[in-house]
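A.B. asks: Chains as they are written, first to last, in the working numbering: chain A, 1 to 388; chain B, 1001 to 1382. What follows is a single structure, and I will ask about it in a moment.
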């Protein structure tokens, strides 16, 4: 595999751009009909394997583990080039979440076993954190894992598990003990979803898609060697939030896609002469511009200092709320079309105002609700809290 | 989906560099020892919004030469540095007219034909020996420099009226935009010239703005004519707009810091106010507004420095001005609310901050005007 460290940022950019332009399948691109599209199932696996075979898989992973070992700046370029192609987004929990945790907390055997299988898509992972009574208050989780000889026996339920129906494995936080602090006694367990006693039930969301699931565990037997890190100390692993990639989730690209759609709708609906519409749009365009400047500044800091501070909470709040406001603008100006559920043809534009609007709603919920992000900002950045 | 394609990738947002840090340090040291906001307030025993000694010190630090070109004896430092200083002026709410009588005349002089007379003027302005203000506006809310009604006749006399001329009471010379036989021109007029009548108003920071009537007022000097003169004036206005955005960012930062202090120390219902989630979230929102404001003016300054006068940089300046005005107003209004009864008292500094925020947000184009200009220039709106 090519060692990109020697290449300049611009050499890297043009190499990846050239490869994408030649190889990214046109039918996978985001469109006005599906502006925030994500690849799923077989398509996702096909894409990740294309990347793997061509030497572009896992930009953030170190080379010793089979990744590209890119600097933060090159990782950012990698994502910019995908956005430039309007490539569909890809949620790969194995690469983005589990891999970095295995590298930090896994044994040598676990690393040798799990990491290649992630890269080759032999295993597709999903994340089992939330439970019916443990959402923002994640440490209240109750799914239990009792140690019986060389196995854990898992009982309980996870919920809002994204793409679990596409996955072969789940990394889950489970309760292995009761201590004074509820954060203690949680362990990080790797579970094969094909094990007896696992039941996955997809849940339809308000956009009409089946994106997340309930996952039930009834006496599911998991080898003891599937424990990641130490027993009872899984909370620290989940809290570590490793990898720079969580910054890229708040890239302004999604807002720009939404804004482009809004602009096309203004033309298609012949609203360019409506001052209220164009003034509202102008404010949103300036919001996206300024957010882009802020995002670039935080990225520059991350590049300089090699770490991301609590500012990432600010990016999460701003990007998600801005995208919601743009999607709200789209339905506000679309008149009767915003009451249509499904595809509409407006002039030469094919859109689904309902889908884009509904898909923007959970942005302020998942990945830590925005109310919690504001708590984090107030406490860690501004030093506000209960004490005096 | 290619709307807004003209909004190409702007330059990288740089972190603060050494020069900027040095400027920031010397500014905060100077203002700490030489400036108190009490002199600007409505209840000031001895109101004073222009301290000649402080202005001299500002000149000695080289700040008035920051935006002068090297050929005029200036430092020719980027607009980003002038912005960094303006942010410090805002963070200390300093009324001395760094923007109107420093940044803007310097930007103007640097783009005029470099005649000995202009070199002398620039030298006087840069050295703090002479105070100049630009009298260009003829209507409230004016943002364009076209349609100039003031007339310069062939015998070198101006007749017309300019409005909202900043610091007209303390400036010895005015740079006046006029229509001449050749079209547009800029002329220098002495304040004590015959036929010049100012009518002053107090503004938020205690400085004066004036409507100025010229009645066959003789000019001192013709500074420039036609397109190059108009470009010089346009650049001065753009740079002043950016500096005002930076100033308001500093203002928002100051009020936010004051608010945080209050939230941490004021106890009600046996808890510090900062323990209440409503106020935590408000503080977080204001923090984010300030961060956006800072990122926006910095990006705009860097756009301008890499391609002065470009459409993209002018769009970015508009975004920055609108953003900063919103951040400063919102933070200062929240300040009045959170300080409660004290917030409504002139004794606290937050009312002053709100007043200065109003002054700056309404100067050189309102938020609404700049948002429209941003959308137009950035290619997002027709």
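C-beta: ideal position from N, C-alpha, C; glycine also.
Just checking, does the region 1233 to 1242 of chain B make contact with the region 1348 to 1358 of chain B on the three C-beta pairs under 8 Å criterion?
C.D. replies: Counting Cβ pairs under 8 Å, fewer than three are found: no touch.
A.B. asks: So what's residue 1010 (chain B) in DSSP terms, helix, strand or just coil?
C.D. replies: Reliability of the predicted coordinates at residue 1010 (chain B) is poor, the pLDDT of 45 falling under 50, and the value obtained from them is presented with this limitation in mind. Reduced to three states, the DSSP call for residue 1010 (chain B) is coil.
A.B. asks: Determine, using beta carbons only, whether residue 1254 (chain B) comes closer than 9 Å to chain A.
C.D. replies: For residue 1254 (chain B), the answer is no, since every Cβ of chain A falls outside 9 Å of its Cβ.
A.B. asks: List the whole-angstrom C-beta distance separating residue 213 (chain A) from residue 206 (chain A), where the pair is believed to meet the contact cut-off of C-beta under 8 Å.
C.D. replies: No, residue 213 (chain A) and residue 206 (chain A) are not in contact; Cβ-Cβ is about 16 Å, not under 8 Å.
A.B. asks: Taking the alpha-carbon positions, what's the residue 1010 (chain B) to residue 1173 (chain B) distance?
C.D. replies: Reliability fails at residue 1010 (chain B), whose pLDDT of 45 lies under 50, so the model's placement of it is uncertain and the value that follows must be treated cautiously. Cα to Cα, the separation comes out at about 38 Å.
A.B. asks: Below 9 Å between beta carbons is the criterion; list the residues of the region 1308 to 1328 of chain B that meet it against any residue of chain A, in chain order.
C.D. replies: Going along the region 1308 to 1328 of chain B in chain order, one finds 1315, 1316, 1318, 1319, 1320, 1322 and 1323 with a Cβ nearer than 9 Å to chain A.
A.B. asks: Could you tell me whether the region 92 to 112 of chain A touches the region 71 to 81 of chain A, using the rule of 3 or more Cβ pairs below 8 Å?
C.D. replies: Output reads no: the region 71 to 81 of chain A does not touch the region 92 to 112 of chain A.
A.B. asks: Using a Cβ cut-off of 9 Å, which residues of the region 1262 to 1274 of chain B contact any Cβ in chain A, in chain order?
C.D. replies: Answer set for the region 1262 to 1274 of chain B: 1263, 1264, 1265, 1267, 1271, 1272, 1273 and 1274.
A.B. asks: What does residue 1287 (chain B) touch in chain A if you count any residue whose Cβ is under 9 Å from its own?
C.D. replies: Result: 314, 377, 378, 381 and 382.
A.B. asks: Kindly list the residues whose CB is nearer than 8 Å to the CB of residue 1100 (chain B), restricted to its own chain and excluding five residues on each side of it in sequence; keep chain order.
C.D. replies: Around residue 1100 (chain B): 1133, 1134, 1166, 1167 and 1240.
A.B. asks: Taking only runs of the alpha helix (DSSP H) that begin and end inside the region 1224 to 1296 of chain B, which ones reach a length of at least 4 residues, in chain order?
C.D. replies: 1226 to 1265, all fully within the region 1224 to 1296 of chain B.
A.B. asks: For residue 296 (chain A), would you say it is in contact with chain B, using Cβ-to-Cβ distances shorter than 9 Å as the test?
C.D. replies: By this cut-off, residue 296 (chain A) is an interface position.
A.B. asks: Count the CB pairs spanning the region 1112 to 1121 of chain B and the region 1243 to 1262 of chain B that are closer than 8 Å, and state whether there are at least three.
C.D. replies: In short, these stretches do not touch, since the Cβ pair count stays below three.
A.B. asks: Around the Cβ of residue 1267 (chain B), are there at least 16 other Cβ atoms within 10 angstroms (buried) or fewer (exposed)?
C.D. replies: Burial call: exposed.
A.B. asks: Applying the criterion that 16 or more other CB atoms from any shown protein chain within 10 Å of the CB defines a buried residue, is residue 1206 (chain B) buried or exposed?
C.D. replies: Label assigned to residue 1206 (chain B): buried.
A.B. asks: Which residues in the same chain as residue 114 (chain A) place their Cβ atom closer than 6 Å to its Cβ, once the five residues preceding and following it in sequence are excluded?
C.D. replies: Hits under 6 Å: 102.
A.B. asks: CA-CA distance, residue 2 (chain A) and residue 247 (chain A)?
C.D. replies: Rounded to the nearest angstrom, the two C-alpha atoms are 25 Å apart.
A.B. asks: I'd like the span of the alpha helix (DSSP H) that includes residue 381 (chain A), first residue to last.
C.D. replies: Taken as a continuous stretch (DSSP letters only), residue 381 (chain A) belongs to no alpha helix (DSSP H), as it is neither H nor E.
A.B. asks: Is the shortest distance between the beta-carbon of residue 1381 (chain B) and the beta-carbons of chain A less than 9 Å?
C.D. replies: It does; some Cβ of chain A falls within 9 Å.
A.B. asks: Of the choices B:1229, B:1285, B:1042 and B:1162, whose alpha-carbon is the least far from that of residue 1215 (chain B)?
C.D. replies: Looking at the Cα atoms, B:1162 is the closest of the given residues.
A.B. asks: Taking Cβ to Cβ, would you say residue 159 (chain A) is nearer than 9 Å to residue 132 (chain A)?
C.D. replies: Yes, Cβ-Cβ distance for residue 159 (chain A) and residue 132 (chain A) is below 9 Å.
A.B. asks: Please identify the residue among B:1154, B:1111, B:1252 and B:1191 whose C-alpha is closest to the C-alpha of residue 1227 (chain B).
C.D. replies: Residue B:1111 is the option with its Cα nearest to residue 1227 (chain B).
A.B. asks: Excluding five sequence neighbours on each side, which residues of the same chain lie with their C-beta closer than 6 Å to the C-beta of residue 220 (chain A)?
C.D. replies: The residues are 154, 195, 197 and 198.
A.B. asks: Check whether chain B comes within 9 Å of residue 318 (chain A), counting only Cβ atoms and requiring the distance to be less than that.
C.D. replies: Yes, its Cβ sits closer than 9 Å to a Cβ of chain B.
A.B. asks: Tell me which residue opens and which closes the alpha helix (DSSP H) that residue 45 (chain A) is part of.
C.D. replies: It spans 41 to 54 - the alpha helix (DSSP H) in which residue 45 (chain A) sits, taken as one unbroken run.
A.B. asks: Start and end of the alpha helix (DSSP H) containing residue 133 (chain A)?
C.D. replies: Counting along the chain, residue 133 (chain A) falls outside any alpha helix (DSSP H), and DSSP gives it neither H nor E.
A.B. asks: Hey, out of B:1023, B:1158 and B:1027, whose CA is closest to residue 1093 (chain B)'s CA?
C.D. replies: Measuring from the Cα of residue 1093 (chain B), the nearest candidate turns out to be B:1027.
A.B. asks: In the DSSP assignment, find the unbroken beta strand (DSSP E) run with residue 144 (chain A) in it and report its ends.
C.D. replies: Here the beta strand (DSSP E) through residue 144 (chain A) covers 144 to 148.
A.B. asks: Find out if the Cβ-Cβ distance for the pair residue 1229 (chain B), residue 1185 (chain B) is shorter than 9 Å.
C.D. replies: Yes, these two residues count as a Cβ contact at 9 Å.
A.B. asks: Evaluate the contact criterion for the region 222 to 232 of chain A versus the region 289 to 308 of chain A: three or more CB pairs, one atom per stretch, below 8 Å.
C.D. replies: Touching, no, given that fewer than three Cβ pairs across the two stretches are closer than 8 Å.
A.B. asks: Assuming residue 1222 (chain B) contacts residue 1187 (chain B) (C-beta within less than 8 Å), just tell me the rounded distance between them.
C.D. replies: With 8 Å as the limit, residue 1222 (chain B) and residue 1187 (chain B) qualify as a contact, their Cβ atoms being about 5 Å apart.
A.B. asks: Ordered along the chain, which non-local residues of its own chain (more than five positions away) have a Cβ less than 7 Å from that of residue 1155 (chain B)?
C.D. replies: Nothing meets the Cβ criterion.
A.B. asks: When we look at the beta-carbon of residue 291 (chain A) and count the other beta-carbons within 10 Å, is it buried (16 or more) or exposed?
C.D. replies: Buried, because 16 or more other Cβ atoms sit within 10 Å of the Cβ of residue 291 (chain A).
A.B. asks: State the start and end residues of the unbroken beta strand (DSSP E) segment that holds residue 226 (chain A).
C.D. replies: Taken as a continuous stretch (DSSP letters only), residue 226 (chain A) belongs to no beta strand (DSSP E), as it is neither H nor E.
A.B. asks: Got a sec, what are the start and stop residues for the alpha helix (DSSP H) residue 1192 (chain B) sits in?
C.D. replies: Run containing residue 1192 (chain B): none; DSSP gives neither H nor E here.
A.B. asks: For residue 1319 (chain B), report the span of its alpha helix (DSSP H) as first-last.
C.D. replies: Counting along the chain, the alpha helix (DSSP H) containing residue 1319 (chain B) begins and ends at 1311 to 1338.
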